[in-house]
Amino acid sequence: MNHKHRAVLHSLFAHPISSNIDPKLVRSVLEEIGAEVSHGGHGQLMVKLNGHTHGFHDTHHSLSKDEVSSVRKFLESAGVDPARDYPL
4 MNHKHRAVLH SLFAHPISSN IDPKLVRSVL EEIGAEVSHG GHGQLMVKLN GHTHGFHDTH
64 HSLSKDEVSS VRKFLESAGV DPARDYPL
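Heads up, the sequence shown is in the working numbering, so the first residue is 4 and it goes up one at a time.
In structure tokens:
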């Protein structure tokens, strides 16, 4: 994982929650850590990682705080810990 992807992953878990994360970078990070990302119907992105599946809104603008929180919860449930697995 390159430095830019690590920085995006760590920003998803940052406190306070960031609200200006590029969704294209988040998708790249998800694919980099082994997630299967596909288009569901009606503007949804389906993400499968470590036996967990979640649908996210396919957005073209910066992620809102709620969207960042949703991605964070999904990654935590899938067992991703950026401090442990991908230290800066």
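Even glycine gets a Cβ: it sits at the ideal position worked out from N, Cα and C.
Boundaries of the alpha helix (DSSP H) harbouring F77: 68-80, taken from the DSSP string.
Counting the other CB atoms within 10 Å of its CB gives A86 a total below 16, which places it among the exposed residues.
As computed with DSSP, S41 is found in a beta bridge with M49. Distance from the CA atom of D61 to the CA atom of Q47, rounded to whole angstroms, is 5 Å. Nearest C-alpha to S22 among S67, D88, P90: S67.
Apart from sequence neighbours up to five positions away, the residues of its chain that approach H13 with a beta-carbon distance below 7 Å are P85, L91, ordered along the chain. Judged by their CB atoms, M4 and E39 are not nearer to each other than the 7 Å cut-off.
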